[in-house]
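*Asks:* In the UniProt record's numbering, the protein residues as written are 1 to 432.
Questions regarding the structure given below will be posed in turn.
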Amino acid sequence: MTTENRVETDYDKNAKPDGSARAEALERRAGLDAGLSMDLNELSTKLRGIQDFLNRKYYEVDTFVECILLSMISRTNMIALGPPGIAKSAILREIVNVIDFDVFNGTPYFHIQMGTDISPNNVLGAPDIEYYKRHGIVKRAYQGFLPDAAIAFCSEFYRISDQVANSGILTILNEGEFKNGTETVKTNLRFFMADTNFFPKQSDDLDADETDFRLQALHDRFLSRVLVSPLKDDDNKVRMILMDDHTATDIKLSLKDLMWLQDHLELVALPENIARAMVEISNILTKKNKIFISPRRLKLSRNLIRASALLSGRVTCKMEDLMALQFTFWQKEEDIQRVRDVILDTIGIPESDGRKYDKMALSIMQELQSNLDNTHSLPTFNPEKLYRQAVSDLTKLLEMILKKYPVPEEHPAVEKAFRQVEAEIRKLQLEV
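Given below as structure tokens:
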């Protein structure tokens, strides 16, 4: 798609009849292209190529991979909740491997596993003893550690000790700054990800204790949150066992290009209707589901929405980009599907999906009828086999619906399609 054609998707043609919207979209796109080694279309294609590669190599990680990419593009701190051994760190290493750090002078990647035995020295670097003797304050040799890294990953983050938590890590995550001796050092950190086996309890939980309250300050610093689950599908488990661990991609993403996108996110237009939809989603979740979304979290979430537009090669946000809020608006694990459902309803996706499922079911039934008509006069005619195949296809469609909508009853258009597919299966089973 050419730049001229891509811009046609970047604005509402009816919003400004004088054509200024199109001119503004072209100007914003040119502003982004100006600092890139390639045009935005090429770069977004690269990013989607990385996304496709990871989703092919690993299984059932689509949401996790999307969250990583959106968080990285928007320079958003991210935390993943999930048990050990489900490829969280492996996938992040894949991301690190595709980044070209040639223009970077610091530490490309820093990884540490938190625990009670981990001290500030392990995270921030060893202190200069002579400096401390002379000045009575700590100055660290931080090269090779978190303040010097472009990308950092802290596993088992909530096992962090009080000593490390109080050593300045919050300032690094919040402000990108590090107090070192008498100097305030601007860190190199461009993307910080952590993982955990548990989230601290909320202050209103009856069994919350002092440790949970202490961890909440850290927990709030992660705008992006994603649940990563173990493999569920047995076929995918077989594929995992047989996979080639050395499969790689030749796609390379320049750190310089990534930094340019991060530093110029404001060039991605966020129209008023998108902002109003963000507020509407937030209000529904607060009133209906008692999920508190602070003004700070609401405002910062706009960057993930902009990142979603960039990942699609656009410089204007659309309603579909609001799906990025599924990574920012939940507090507890049980909130995840509620948040997703409210977003889907706000942007009208269930109605569209309901129509799509109806068409898919109709296509399966039409194919069955066509096969019956075309083979009934053949000696090998086996109607039971054709009915069984149609039942199998319709059952897969039910599984697809349930994967996206675990409770179809909450979405009338989806429930209607779901019930219709169930009815078709029952009818066909009588023929087998």
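All C-beta atoms in this analysis are idealised placements derived from N, C-alpha and C, irrespective of residue type, glycine included.
Just reading off the alpha helix (DSSP H) that Ser20 is part of, what are its end residues?
*Replies:* Per DSSP, Ser20 belongs to the alpha helix (DSSP H) from 20–34.
*Asks:* Kindly indicate which residue of Val342, Leu372, Leu397, Ser377 has the alpha-carbon position closest to the one of Lys385.
*Replies:* The candidate whose alpha carbon is nearest that of Lys385 is Leu372.
*Asks:* How far does the beta strand (DSSP E) with Val279 in it reach, from first residue to last?
*Replies:* From DSSP, Val279 is part of no beta strand (DSSP E) but of the alpha helix (DSSP H) over 272–289.
*Asks:* Compute the distance between the beta-carbons of Thr249 and Ile50, then report whether it is under 9 Å.
*Replies:* Yes, they are a contact pair.
*Asks:* Which same chain residues end up closer than 7 Å to Pro200 when comparing Cβ atoms and leaving out the 5 residues on each side of it in sequence?
*Replies:* Excluding residues within five positions, the ones whose Cβ falls inside 7 Å are Tyr158, Asp212, Leu215, Gln216, His219.
*Asks:* Nearest-angstrom Cα distance between Ala307 and Met278?
*Replies:* Those two C-alpha atoms are separated by around 15 Å.
*Asks:* Take Leu304 and list the residues in its own chain whose beta-carbon comes closer than 8 Å to its own, dropping the five residues that flank it on each side.
*Replies:* Only Leu70, Ser71, Ser74, Thr76, Leu223, Ser224, Ala324, Leu325, Phe327, Thr328 meet the Cβ criterion.
*Asks:* Pick helix, strand or coil for Glu8, following the three-state DSSP scheme.
*Replies:* Low confidence applies here, because Glu8 scores a pLDDT of 45, under 50, leaving its location unreliable; read the following figure in that light. Residue state, collapsed to three classes: coil.
*Asks:* Under DSSP, the alpha helix (DSSP H) around Met360 begins and ends at which residues?
*Replies:* Segment 349–375, the alpha helix (DSSP H) holding Met360.
*Asks:* Less than 9 Å separating the beta-carbons of Asp233 and Glu60?
*Replies:* Yes; because the gap between Cβ atoms is below 9 Å, this pair is in contact.
*Asks:* Taking Gln369 as the reference, give the member of Leu378, Ala390, Thr380 with the closest Cα.
*Replies:* It is Ala390.
*Asks:* Of the choices Ile364, Ser352, Leu173, Val342, whose alpha-carbon is the least far from that of Ile79?
*Replies:* Nearest C-alpha to Ile79: Leu173.
*Asks:* What three-state label does DSSP hand Cys154 in the structure shown?
*Replies:* Reduced to three states, the DSSP call for Cys154 is strand.
*Asks:* Threshold first: 4 residues or longer. Then list the alpha helix (DSSP H) segments lying entirely within the stretch 224–268, N to C.
*Replies:* List check, alpha helix (DSSP H) in window: 234–242, 255–263.
*Asks:* Please determine if the stretch 264–283 and the stretch 336–352 are in contact, where contact requires at least 3 C-beta pairs separated by less than 8 Å.
*Replies:* Short answer: they touch.
*Asks:* Any chance you could list the alpha helix (DSSP H) runs of at least 4 consecutive residues sitting entirely within the stretch 111–190, in chain order?
*Replies:* Runs of the alpha helix (DSSP H) inside the stretch 111–190: 120–124, 129–135, 162–165, 169–175.
*Asks:* Thinking C-alpha only, which one of Asp245, Leu242, Ala194 is nearest Val226?
*Replies:* Looking at the Cα atoms, Ala194 is the closest of the given residues.
*Asks:* Take Ala417 as the anchor and find which of Ser352, Gly313, Ser392, Met243 has the nearest alpha-carbon.
*Replies:* Answer by Cα proximity: Ser352.
*Asks:* For Tyr109, does the three-state DSSP call read helix, strand or coil?
*Replies:* Correct three-state label for Tyr109: strand.
*Asks:* So what does Ser195 bridge to, in DSSP terms?
*Replies:* Position check: residue 195 holds Asp in this sequence, whereas Ser was assumed. The partner list for Asp195 (beta bridge, DSSP) reads Ala80.
*Asks:* By how many angstroms is the C-alpha of His411 removed from the C-alpha of Glu399?
*Replies:* Those two C-alpha atoms are separated by around 16 Å.
*Asks:* For Trp330, which of Arg297, Phe110, Ile68, Phe191 has the nearest alpha-carbon?
*Replies:* The option with the nearest alpha carbon to Trp330 is Arg297.
*Asks:* Ile151 and Pro108 - do their beta-carbons sit closer together than 9 Å?
*Replies:* Yes.
*Asks:* Quick check: is any heavy atom of the ligand GDP less than 8 Å from the C-beta of Asp212?
*Replies:* The model depicted lacks the ligand GDP and carries no ligand whatsoever.
*Asks:* Could you spell out the range, first to last residue, of the alpha helix (DSSP H) harbouring Thr380?
*Replies:* Per DSSP, Thr380 belongs to no alpha helix (DSSP H) and is neither H nor E.
*Asks:* What did DSSP end up calling residue 437 once you bin it into helix, strand or coil?
*Replies:* In this structure the chain extends from 1 to 432, so residue 437 is not present and cannot be described.
*Asks:* Could you please give the first and the last residue of the uninterrupted alpha helix (DSSP H) stretch that includes Ser71?
*Replies:* Looking at the DSSP string, the run of the alpha helix (DSSP H) that includes Ser71 is 62–73.
*Asks:* Does any CB atom of chain C fall closer than 9 Å to the CB of Ile349?
*Replies:* Given the protein chain composition of this structure (a single chain), no chain C is represented.
*Asks:* Could you work out which residue in Lys179, Asp162, Val98, Val103 is closest to Gly125 when comparing CA atoms only?
*Replies:* The option with the nearest alpha carbon to Gly125 is Lys179.
*Asks:* Measure the alpha-carbon distance for Arg426 versus Tyr405 and round it to whole angstroms.
*Replies:* Roughly 21 Å between the two C-alpha positions.
*Asks:* Taking the Cβ atom as the reference point for each residue, do His111 and Phe145 lie within a distance shorter than 9 Å?
*Replies:* Their beta carbons are not under 9 Å apart, which means His111 does not touch Phe145 by this criterion.
*Asks:* Can you tell me whether DSSP reads Ile99 as helix, strand or coil?
*Replies:* Strand.
*Asks:* Would you tell me roughly how many angstroms separate the C-alpha atoms of Thr3 and Phe53, rounded to the nearest one?
*Replies:* In this prediction, Thr3 has a pLDDT of 47, which is less than 50 and means its spatial position is unreliable; what the coordinates show is noted afterwards. So the alpha carbons of these two residues sit roughly 25 Å apart.
*Asks:* Have a look at Arg388, Thr196, Ala309 and flag the residue whose alpha-carbon is nearest the alpha-carbon of Leu265.
*Replies:* Selected option, being the one with the closest Cα: Ala309.
*Asks:* With DSSP collapsed to three states, give me the class of Thr316.
*Replies:* Strand at Thr316.
*Asks:* With a cut-off of 8 Å on the beta carbons, I'd call Val185 and Glu177 a contact; round off their distance for me.
*Replies:* Rounded, the Cβ-Cβ distance is 7 Å, consistent with contact.
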